[in-house]
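Peer 1: For any residue, its number in my numbering is found by taking its place in the sequence shown, counting from 1, and adding 2.
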Amino acid sequence: MDAQLMKLVVAGGFGVGKTTFVSTVSEVSSLHTEQTMTAASVPVDSLDYTPEKTTTTVAIDFGRLTLDPRNPAAPILYLFGTPGQSRFKDVWDDIVCGGRGAVLLLDLRRPEESFEALDLLERSAIPYIVAVNDFPDAPYVSDTTVRRSLDLTERTPLIHCNARDRNSVIDALIRLVQHVIATYHQDTA
Ligand SMILES: Nc1nc2c(ncn2[C@@H]2O[C@H](COP(=O)(O)OP(=O)(O)OP(=O)(O)O)[C@@H](O)[C@H]2O)c(=O)[nH]1
Ligand SMILES: [Mg+2]
3 MDAQLMKLVV
13 AGGFGVGKTT
23 FVSTVSEVSS
33 LHTEQTMTAA
43 SVPVDSLDYT
53 PEKTTTTVAI
63 DFGRLTLDPR
73 NPAAPILYLF
83 GTPGQSRFKD
93 VWDDIVCGGR
103 GAVLLLDLRR
113 PEESFEALDL
123 LERSAIPYIV
133 AVNDFPDAPY
143 VSDTTVRRSL
153 DLTERTPLIH
163 CNARDRNSVI
173 DALIRLVQHV
183 IATYHQDTA
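(1) I'd like to check one pair, Gly17 with Lys55: are the Cβ atoms closer than 7 Å?
(2) Below 6 Å CB to CB, which residues in the same chain sit around Ser126 once its five sequence neighbours on both sides are set aside?
(3) Taking Cβ positions, are Pro71 and Met8 nearer each other than 7 Å?
(4) Note down the Cα distance separating Gly103 from Asp50, rounded to an integer number of angstroms.
(5) Going by the DSSP bridge assignment, what does Thr68 pair with across the sheet?
(6) Just how far apart, CA to CA, sit Arg66 and Gly83?
(7) Could you check which residue in Asp109, Ile131 and Thr146 has the C-alpha nearest to that of Pro138?
(8) On the criterion of 16 or more Cβ atoms from any shown chain inside 10 Å, does Asp63 qualify as buried, or is it exposed?
(9) Consider the C-beta atom of Thr21 and the heavy atoms of ligand 2; say whether any pair is separated by less than 6 Å.
(10) Assuming Val30 contacts Val12 under a Cβ cut-off of 8 Å, what Cβ separation, rounded to an integer in Å, is found between them?
(11) Ligand 2 and Thr56: does any heavy atom of the ligand fall closer than 6 Å to the residue's C-beta?
(12) Can you grab the Cα-Cα spacing for the pair Gly2 / Ile161, in whole Å?
(13) Between which residues of its own chain and Ala174 is the CB-CB distance below 7 Å, once the five residues before and five after are set aside?
(14) Look up Thr155 in the DSSP assignment and say whether it is helix, strand or coil.
(15) Does DSSP put Ala127 in a helix, in a strand, or in coil?
(16) Below 6 Å CB to CB, which residues in the same chain sit around Tyr130 once its five sequence neighbours on both sides are set aside?
(17) CB of Val18 to nearest heavy atom of ligand 1: below 6 Å?
(18) Under 6 Å: does the beta carbon of Thr59 sit that close to some heavy atom of ligand 2?
(19) Nearest CA to the CA of Glu118: which residue from Arg150, Asp136, Ala75 and Trp94?
Encoded structure:
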């Protein structure tokens, strides 16, 4: 049996960790379209929460992960990260086209950064999960409150991950693949 190729999208607001998520897990050298942030972006792109950040994605992140390399039939995931800022939204439709599922990353220190990406995902009508990227200094917010503030349906999985930890990112992707498969079966039942 041939391996299944699955295109997945990594979405979320500015600086939530999309590029980190893709590069942490990719088994090939991941491709990124990072540009150094200049003084011109200071008034619009707050670096208060991510002081180490010096670049931003202007078009796409790309990476690949074979979920189980010992199993030739296991899915091969192609990961496409989106830019976080709305001024780069024009590439959104191209990135999402053909996507089987998406993970929406959320930073609980500023969840509103991901609202626009959530809207775009809803409009794209692809199955998605929400993954809180647990930054160490993020406030505690219960999952019930997160669900309520994003208006998530009960069917939408909400998980926590650490975009810097490979096993954590793999767990998030397994959860996403399970959700994609479950949604497919619901829709074709
Ligand atoms: N502590 C911690 N820092 C993280 C984590 N994920 C990302 N970072 C840091 O947060 C900053 C932003 O990460 P990026 O991966 O560039 O975020 P992005 O969502 O791709 O940003 P844009 O493309 O500009 O929207 C970087 O300095 C990362 O090192 C995490 O899980 N924990
Ligand atoms: Mg990025």
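Even glycine gets a Cβ: it sits at the ideal position worked out from N, Cα and C.
Peer 2: Walking through what the data contain:
(1) yes
(2) Val98
(3) With respect to Met8, Pro71 sits apart: the two C-beta atoms are not nearer than 7 Å.
(4) 31 Å
(5) Ile78
(6) Approximately 11 Å between the Cα atoms of the pair.
(7) With distances taken between Cα atoms, Pro138 lies closest to Asp109.
(8) Result: buried.
(9) yes
(10) Between Val12 and Val30 the Cβ distance is about 16 Å, and since that is not below 8 Å, they are no contact.
(11) At a cut-off of 6 Å, the beta-carbon of Thr56 does not count as near ligand 2: no heavy atom of the ligand is closer than that.
(12) Here the chain covers residues 3 to 191 and nothing more, so residue 2 does not appear.
(13) Val105, Ala133, Ile161 and Cys163
(14) coil
(15) Per DSSP, reduced to three states, the secondary structure at Ala127 is coil, with no helix or strand assignment.
(16) Ala104, Leu106 and Leu123
(17) Because some heavy atom of ligand 1 lies under 6 Å away, the Cβ of Val18 counts as near it: yes.
(18) Checking every heavy atom of ligand 2 against the Cβ of Thr59, one is found closer than 6 Å.
(19) Among Arg150, Asp136, Ala75 and Trp94, the Cα nearest to that of Glu118 is on Trp94.
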